[in-house]
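Asker: Numbering (mature numbering (1 follows the signal peptide of the UniProt record, and there is no 0)), first residue to last: -26 to -1, 1 to 125. For every residue, glycine included, the Cβ atom is placed at its ideal position computed from N, Cα and C. Got a structure for you, questions after.
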């Protein structure tokens, strides 16, 4: 009788461990997918294509710049395609990703060399918050807000 009880406890512990492991692996998979979407967006910010920008962002996009300007999807795409905002290089550091259901919160520091229209060579060093939503099988940017880093 005691051996059956120990066997049941052992089985329960193993089952619980496997379930927790599987759940954490599923979360890691989602975080990996979001990280790939962030990298795709980064590539599109440096080498924009209209189709790519439209596909990776929501039609209801709210894209906030560190100067307070907020753009919708149409303006966001137009600004990049016209080189109003022109990222020459871009690095993302200190990135965190938190998946909550079909949404994800991403934070990072964005450092870039820019060549924005009419402003000549410049730099960007900002903190960024992105909100992503899983729509079907892909992650889509629904909101982004940048703030200047205060020393």
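From residue 54 to residue 2, what distance separates their C-alpha atoms?
Answerer: So the two alpha carbons sit approximately 32 Å from each other.
Asker: How far does the alpha helix (DSSP H) with residue 26 in it reach, from first residue to last?
Answerer: Run containing residue 26: 24 to 30, per the alpha helix (DSSP H) assignment.
Asker: According to DSSP, residue 107 sits in a beta bridge with which residue or residues?
Answerer: According to DSSP, which records beta bridges pairwise, residue 107 is partnered with 77 and 114.
Asker: At a cut of 8 Å, does the segment 45 to 53 reach the segment 19 to 32 through at least three beta carbon pairs?
Answerer: Yes, the segment 45 to 53 is in contact with the segment 19 to 32.
Asker: Taking the alpha-carbon of residue 86 as reference, which of 19, 109 and 70 has the nearest alpha-carbon?
Answerer: Per the Cα distances, 19.
Asker: For residue 58 and residue 96, I'd like the C-alpha separation in whole angstroms.
Answerer: Cα to Cα, the separation comes out at about 13 Å.
Asker: Sort 12, 60 and 10 by Cα distance to residue 93 and report the nearest one.
Answerer: Out of 12, 60 and 10, 60 has the C-alpha closest to the C-alpha of residue 93.
Asker: Can you list, in chain order, the residues of its chain with a C-beta nearer than 6 Å to that of residue 5? Leave out the 5 residues immediately preceding and following it.
Answerer: Hits under 6 Å: 71 and 73.
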